[in-house]
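Data first, discussion second: the structure below is written as structure tokens.
Protein chains: 2
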Amino acid sequence: MSTTSPHILVVDDDREIRDLVARHLKKHGFRVDVASGGVEMKEAVLRSRLDLIILDRVMPGEDGLTLCRNLRASSNIPVILLTLLGSDTDRIVGLEVGADDYLPKPFNPEELVARIRAVLRRAQALPTNKSAKIERVLSFAGWTLDCRARRLTSPDGVVVTLTDGEFELLRALAERPGVILSRDELLDLTSGREPGLFDRSVDMQIMRLRRRLAAHNDANDIIKTIRQQGYIFAADVEEAEH
Amino acid sequence: MSTTSPHILVVDDDREIRDLVARHLKKHGFRVDVASGGVEMKEAVLRSRLDLIILDRVMPGEDGLTLCRNLRASSNIPVILLTLLGSDTDRIVGLEVGADDYLPKPFNPEELVARIRAVLRRAQALPTNKSAKIERVLSFAGWTLDCRARRLTSPDGVVVTLTDGEFELLRALAERPGVILSRDELLDLTSGREPGLFDRSVDMQIMRLRRRLAAHNDANDIIKTIRQQGYIFAADVEEAEH
DNA sequence: GCTCATTTGTTACAGGGCGTTACAAAAAGC
DNA sequence: GCTTTTTGTAACGCCCTGTAACAAATGAGC
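Read top to bottom, the protein sequences are chains A and B.
The numbering used here runs 71 ahead of the 1-based position in the first sequence.
The numbering used here runs 71 ahead of the 1-based position in the second sequence.
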């Protein structure tokens with residue numbers, strides 16, 4: 072995502088505005104798709120790997136607001152709402168529904184570009200889709216974690232078998248290097264379960280995962296404990312798409 | 072930190088607006104500090120763990136724009152710019168300088184709240200803590216503190232194991248060389264806890280940290296005590312991105 | 001200088017978090 | 001069904017960390 076130019080979808084029923092915006096964004100080096108709302112759009116979101124969506128607030132088919140809310144249920148892709156309605160409450164509702172920004176028409180195309188950049192700046196570190204997780208290969212300290220094959224390879228090239236739980240845990244951590252993850256968060260990320268009062272299952276899995284890593288190599292422990300807080304993946308990770 | 076309410080700093084020379092905004096934000100459950108720009112603000116940013124800053128675009132002392140740009144150099148804390156100047160190019164410049172949003176005065180306080188929420192929604196999903204800068208390596212007097220690996224290396228190359236508390240404390244200090252940090256501030260920075268009346272835990276950690284540094288080297292003590300005030304990191308620090 | 005009050009450094013200790021082992025329950029393979 | 005693997009619970013002990021108590025240092029006042 073950060074390597075190539077951002078991919079933006081413009082959804083507006085007004086063909087004139089839609090194309091004007093699209094042309095302007097292309098001039099600024101974005102990759103642009105257009106759609107006119109409804110099913111067509113949902114498809115586009117699911118299929119391609121979009122970086123941002125520009126939505127018209129008012130559309131004959133499905134409302135921009137509703138669309139935005141629905142999107143938020145399954146994805147946290149950045150959304151900018153456009154609209155002719157410029158009242159305060161309109162803007163507030165738009166933002167509360169999950170949009171990242173709200174721009175009243177008529178707007179200066181340059182301002183739209185600036186706001187897109189501002190939103191992307193924030194959003195870029197995020198994993199885009201909640202639902203469709205991208206299968207990738209994560210490399211750290213000589214290790215290789217193939218998320219599609221669910222296979223871990225040690226620095227000396229040996230394939231290490233992991234149980235499902237161990238794999239999910241390692242992935243959850245390795246996908247978020249430098250982030251302190253609480254036990255509850257890890258539990259949710261790996262198995263989707265709720266905390267439970269005296270739950271130390273995460274500790275156990277961490278222990279087993281560490282043991283497995285240590286058995287094959289691993290001088291410096293990659294998974295560190297932050298007392299009272301949780302665990303952290305303390306190595307640099309390189310991602311490669313499959 | 073995600074447990075407590077977001078902490079927001081409002082910087083505006085117009086006391087009236089500043090207080091109005093502050094009151095409104097408090098009503099919505101935010102923790103609010105105010106400042107009137109310049110040194111006062113920088114101190115506040117350096118010291119406490121802020122989640123977001125609201126900056127007036129135009130201020131007699133240092134310009135809001137310049138402030139924002141300077142902030143961006145060392146931190147990725149969310150910034151929202153306010154201004155009387157509402158022209159397109161003003162907004163564009165504001166956003167390009169690194170602000171997350173740009174709101175022309177006069178504005179509806181509710182809209183400000185909505186925009187704050189939208190920005191925080193993005194920023195809080197980001198890895199690590201909000202105000203935290205990029206992960207980096209701090210060097211001082213021969214020592215090396217790797218904040219990603221959470222590891223300290225002594226001048227003679229020995230890796231010194233620190234407890235979590237010691238590490239957090241050392242980082243809090245080393246990130247702010249030459250700044251006097253009170254015990255309360257250090258407590259907040261290291262563990263996010265609130266003071267407590269007869270709390271001497273910081274003293275304890277300082278003592279243990281000093282002892283650990285002294286054990287490995289350290290002729291001149293790097294962490295100095297300022298009586299009645301707190302502690303100060305008395306060495307030059309070089310930062311290197313990882 | 002001395003004395004006293006206040007602040008800070010140091011030691012001792014207790015509570016609790018966490019790594020670890022052992023074991024039981026649950027799931028998967030056959 | 002049985003066996004093997006995986007995963008959660010219980011228990012034990014080490015280590016981290018905060019509290020308390022005391023010693024040392026600092027500063028004020030004389």
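Heads up, the beta-carbon is just placed ideally off N, CA and C, and yes, glycines get one too.
If you reduce the DSSP assignment to three classes, tell me which class residue i lands in.
i        : result
A/Arg207 : strand
B/Leu13  : Lying outside 72 to 313, the shown extent of chain B, residue 13 of chain B is not represented and no answer is given.
A/Thr232 : coil
A/Val146 : Checking the sequence, you will find Ser at residue 146 of chain A rather than Val. The answer is strand: DSSP assigns A/Ser146 an E or B state.
B/His95  : helix
A/Val190 : helix
A/Leu136 : helix
B/Phe304 : strand
A/Pro77  : coil
A/Ile294 : strand
A/Ala311 : strand
A/Ala220 : coil
B/Leu166 : helix
A/Asp171 : coil
A/Leu121 : coil
B/Val250 : coil
A/Phe155 : The sequence shown places Leu at residue 155 of chain A, not Phe. Reduced to three states, the DSSP call for A/Leu155 is coil.
B/Arg271 : coil
A/Arg282 : helix
In whole angstroms, what is the alpha-carbon distance linking residue i and residue j?
i        : j        : result
A/Ser261 : A/Ile277 : Checking the sequence, you will find Thr at residue 261 of chain A rather than Ser. Their Cα atoms are separated by approximately 12 angstroms.
B/Asp255 : A/Val250 : 25 angstroms
A/Leu365 : A/Glu237 : No information on residue 365 of chain A is available, as it lies outside the stretch 72 to 313 that chain A covers here.
A/Asp90  : A/Asp83  : 9 angstroms
A/Phe211 : A/Asp307 : 6 angstroms
B/Arg247 : B/Ala144 : 15 angstroms
A/Ala243 : B/Ile297 : 43 angstroms
A/Arg282 : B/Leu241 : 30 angstroms
A/Ser225 : B/Ala93  : 54 angstroms
B/Asp171 : B/Ile151 : 6 angstroms
A/Ile178 : B/Asp259 : With the sequence shown as reference, residue 178 of chain A is identified as Phe, and Ile is not the correct amino acid for it. The straight-line gap from Cα to Cα measures roughly 43 angstroms.
A/Val105 : B/Val190 : 26 angstroms
A/Leu155 : B/Ala194 : 28 angstroms
B/Ala311 : B/Lys98  : 41 angstroms
B/Asp134 : A/Pro266 : 48 angstroms
B/Leu284 : B/Ile294 : 10 angstroms
B/Leu121 : B/Ala185 : 18 angstroms
A/Pro175 : B/Pro175 : 13 angstroms
B/Asp85  : B/Thr160 : 23 angstroms
So, does the CB of residue i fall closer than 7 angstroms to a CB anywhere in chain B?
i        : result
A/Gly135 : no
A/Lys295 : yes
A/Gly301 : no
A/Arg254 : no
A/Ala93  : no
With 7 angstroms as the threshold, decide whether the Cβ of residue i is near any Cβ in chain A.
i        : result
B/Ile79  : no
B/Asn179 : yes
Which residues in chain A sit within 7 angstroms of residue i, going by Cβ to Cβ distance?
i        : result
B/Glu182 : Asp159, Arg162, Ile163
B/Asp235 : Ile297, Arg298
Given that residue i touches chain B, what residues does it touch there, using C-beta distances under 8 angstroms?
i        : result
A/Arg193 : Pro149, Asp171, Val190, Arg193, Ala194, Leu197
A/Gly100 : By Cβ distance, chain B contributes nothing, its closest Cβ being about 15 angstroms from A/Gly100, past 8 angstroms.
In chain B, which residues lie less than 9 angstroms from residue i when you measure between Cβ atoms?
i        : result
A/Asp185 : The sequence as given places Ala at residue 185 of chain A; Asp does not occur at that position. Result: Arg162, Ile163, Val164, Gly165, Leu166, Glu167, Tyr173.
Identify the contact partners of residue i in chain B, using a Cβ-Cβ distance below 7 angstroms as the criterion.
i        : result
A/Ala305 : Arg219, Ala220, Arg221
Report task. Could you run through the region 205-231 of chain B and flag, in chain order, every residue whose CB is less than 7 angstroms away from some CB of chain A? Result -> Glu206, Arg219, Ala220, Arg221
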